[in-house]
Structures are given as structure tokens and as C-alpha cells.
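Everything on this sheet refers to the single structure shown next.
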Ligand code: 4NP
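In my numbering, the protein residues as written are 445 to 596.
This is the structure in C-alpha cells:
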């Protein structure tokens, strides 16, 4: 089993979408996908209705998900930890215990724009267009990730 964790700030907008999109592209017998937030703002919450809506439009259900906070043990559970932006990366890396932990942390859009460290824009304070844009970016990145996971 390969284990993949998607991480953003709140775990209600971007990482739930990334989880749902990747889930739709992999074989669940081989790959386990989860998501978490660096903050404790939305523990136990359902995803933002705008994320639920853009996912539904694309025939992906994320309503079963609940917010949780990233914890240091996630470095033991997961093989790949994809962060949505540079701020998430700093927060996750601040909990890393060694180089092995650090090596698991990757910017998700580096799968599409290698080495550019581009952020998935935080859509929380914007309108619906922000969510469409986020969906498109994450869909591209997750296609690349799903393809690579076939060879692990
Ligand atoms: P996310 O978006 O990190 O993509 O889930 C946010 C959700 C909530 C907040 C910030 C960003 N917040 O400040 O509550």
C-alpha cells in the first residue's frame, strides 16, 4: 500500500479536493489517500460548500470527509505528503524530525510546474471562480501523481 496525504491550512477547501480528485484516479486496493490541515480551525468540519459543489460538478463526492489537523505521526503513516502552498510547507517542515521526514514533503504543483514552488491559491476568501481554478490545478497535478504511483 502506498499512502498519500494532502495538506492545506484549514482542511476544508483545497486538500479535501486534492484527496477526492486523487482518490478518483487511483486503485484503492493499492493507494490510500487522506488529507489534513496545518491549523486546528476546522477540526471535525465538513468541507466548504464551494469545494463540495465544484467536486460534485465533476462527479466526485467529498461530503464524507471531516477536517483534521496534521500531526507528527503522519510522517510515519504516509509515504508522500503533498502541501498546497509555501506556508503549508514551512508549517509541516517545522514538525519534521529528520531528513527522512523532510524528503516526504512536496509542493503539489511541482508535479505540473517542476521546481517552481507555485502555490495553489487559497480560495477561502474569494468567489466560486477561485474554486474552479483550484479544481483545474489539482486535477492536473493529481493526474501526474496517479500516473507515477502506478510504478511504486
Ligand atoms: P484551505 O482554506 O486551507 O484550503 O482549507 C482555508 C480554510 C479556512 C481558513 C483558511 C483557509 N480559515 O482561516 O479558517
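For glycine and all other residues, C-beta sits at the position ideal for the given N, C-alpha and C.
TODO: Give me the Cα-Cα distance between residue 470 and residue 526, rounded to the nearest whole angstrom.
DONE: Position 26 of the chain shown, counting from 1, holds the residue named residue 470. Position 82 of the chain shown, counting from 1, holds the residue named residue 526. Take the alpha-carbon of residue 470 and the one of residue 526: they are about 16 Å apart.
Task: Cβ-based burial, residue 557 [other Cβ within 10 Å; buried from 16] - done: Within the chain shown, numbered from 1, the residue matching residue 557 stands at position 113. The residue is exposed, with fewer than 16 neighbouring Cβ atoms inside 10 Å.
- [ ] Output the residue ranges of the beta strand (DSSP E) runs that lie fully inside the stretch 505-575 and measure 3 residues or longer, sorted by chain position.
- [x] You should have 524-527, 549-551.
- [ ] Could you check which residue in 489, 477, 593, 495 has the C-alpha nearest to that of residue 566?
- [x] The sequence position of residue 566 within the chain shown is 122, counting from 1. For the residues 489, 477, 593, 495, the minimum Cα distance to residue 566 belongs to 495.
Task: Delimiting residues of the beta strand (DSSP E) encompassing residue 453 - done: Position 9 of the chain shown holds residue 453. Neither: residue 453 is in no beta strand (DSSP E) and is coded neither H nor E.
Open item on the list: Is the beta carbon of residue 564 closer than 8 Å to that of residue 458?
Closed with: As a working mapping, residue 458 is identified with position 14 in the chain shown. As a working mapping, residue 564 is identified with position 120 in the chain shown. Contact: yes.
Task: Ordered list of alpha helix (DSSP H) runs contained in the stretch 461-499, each at least 4 residues - done: Here no run is fully enclosed.
TODO: With a threshold of 7 Å, establish whether the CB of residue 504 neighbours any heavy atom of ligand 1.
DONE: Position 60 of the chain shown, counted from the first residue, corresponds to residue 504. With a threshold of 7 Å, the Cβ atom of residue 504 does not count as near ligand 1, since no heavy atom of the ligand is closer than that.
Open item on the list: Pop quiz: residue 555 and residue 588 are said to be a contact at Cβ under 8 Å. What is the actual Cβ separation, rounded to whole angstroms?
Closed with: The residue given as residue 555 occupies position 111 in the chain shown. The residue given as residue 588 occupies position 144 in the chain shown. In this structure, residue 555 and residue 588 form a Cβ contact; the two beta carbons are roughly 4 Å apart against a cut-off of 8 Å.
TODO: Measure the Cβ-Cβ separation of residue 523 and residue 578 and say whether it is below 8 Å.
DONE: Stepping through the chain shown from its first residue, residue 523 is reached at position 79. Stepping through the chain shown from its first residue, residue 578 is reached at position 134. The answer is no: Cβ separation not under 8 Å.
Task: CB contact flag (residue 512, residue 480, <8 Å) - done: Position 68 of the chain shown, counted from the start, is the residue given in the question as residue 512. Position 36 of the chain shown, counted from the start, is the residue given in the question as residue 480. Their beta carbons are under 8 Å apart, which means residue 512 touches residue 480 by this criterion.
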